[in-house]
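For the sequence shown, numbering that gives the first Met the number 0 begins at 0 and goes up steadily by one. Here a beta-carbon is modelled for each residue, glycine too, at the ideal position from N, C-alpha and C. See structure below.
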Amino acid sequence: MMDNGTKIIMLPSRKVSLYGKDIVLHRGKYRGQEHFIGYKTVTDKMQSLGLDGNKCILTFKMGEWFFLPIGSIEKGNEGWGGIWLARTPSGAEKLREYILAKYYQETKVFKALVSDKILYANNYRIKTEGVCLVEEIMK
């Protein structure tokens, strides 16, 4: 089957060592380049969720890279200073269910390319400086 370059071709996951922890991250190939893959939950207006009182709401466009300004990037597990994604589709689904139950807000989930600069990761989430939303997988 020919790929027209608009879908992510999933590759075997890779274990990476980040900040003293071994984390398994999904990988994929998009338009001939390999990337780590995360799962981004956004509002129906393609905006970040503003969790933990975060007033800096980001707006994403499908198929376009979004990078934080250099001065606002912070390594570590603090909620600010990066763009957060779920590490797995099930993690994104749990976040969707939480947002619906607590705020009565519908959300969408996208497979997203993750920039090479990962600021933090654990078994549930990835924090990075940039993402590109590519495929909507839940709406």
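Check whether residue i and residue j have beta carbons under 8 Å apart
{"i": "I22", "j": "A111", "result": "no"}
{"i": "T106", "j": "T40", "result": "yes"}
{"i": "R95", "j": "V108", "result": "yes"}
{"i": "G27", "j": "I8", "result": "yes"}
{"i": "F66", "j": "S114", "result": "yes"}
{"i": "R86", "j": "L24", "result": "yes"}
Per-residue burial, residue i [other beta carbons within 10 Å of its own, 16 or more giving buried]
{"i": "R13", "result": "exposed"}
{"i": "S91", "result": "Just to set this straight, residue 91 is Ala in the shown sequence, not Ser. Buried, since its Cβ has 16 or more Cβ neighbours within 10 Å."}
{"i": "S71", "result": "exposed"}
{"i": "S16", "result": "exposed"}
{"i": "G19", "result": "exposed"}
{"i": "A100", "result": "exposed"}
{"i": "L10", "result": "exposed"}
DSSP beta-bridge partners of residue i
{"i": "C131", "result": "W64, L112"}
{"i": "F59", "result": "None; F59 has no bridge partner."}
{"i": "G13", "result": "The sequence as given places Arg at residue 13; Gly does not occur at that position. Note: R13 sits in a beta bridge opposite L24."}
{"i": "I8", "result": "K28"}
{"i": "G37", "result": "A111"}
{"i": "M137", "result": "V108"}
Residues near residue i by beta carbon distance below 6 Å, same chain, minus five either side
{"i": "I82", "result": "T127, V130"}
{"i": "K116", "result": "E128"}
{"i": "N76", "result": "Y119"}
{"i": "F69", "result": "Reading off the sequence shown, one finds Ile at residue 69, where the question assumed Phe. Excluding sequence neighbours, I69 sits near nothing in its chain."}
Beta-carbon proximity list for residue i, same chain, < 8 Å, skipping 5 on both sides
{"i": "G78", "result": "L50, D51, N53"}
{"i": "M61", "result": "M45, F109, L132, V133, E135"}
{"i": "E73", "result": "W79, G80, G81, L118"}
{"i": "N122", "result": "I22, R86"}
Close Cβ partners of residue i (< 7 Å) along its chain, the five nearest in sequence each way excluded
{"i": "W64", "result": "G129, C131"}
{"i": "Y29", "result": "I7, L112, V133"}
{"i": "K138", "result": "K107"}
Interface flag, residue i vs chain D, CB-CB below 8 Å
{"i": "M9", "result": "Within the model displayed, chain D is absent; a lone protein chain is all it includes."}
Practice problem: Ignoring anything shorter than 4 residues or poking outside the segment 68-127, list the alpha helix (DSSP H) runs there in chain order. | Solution: 88-102
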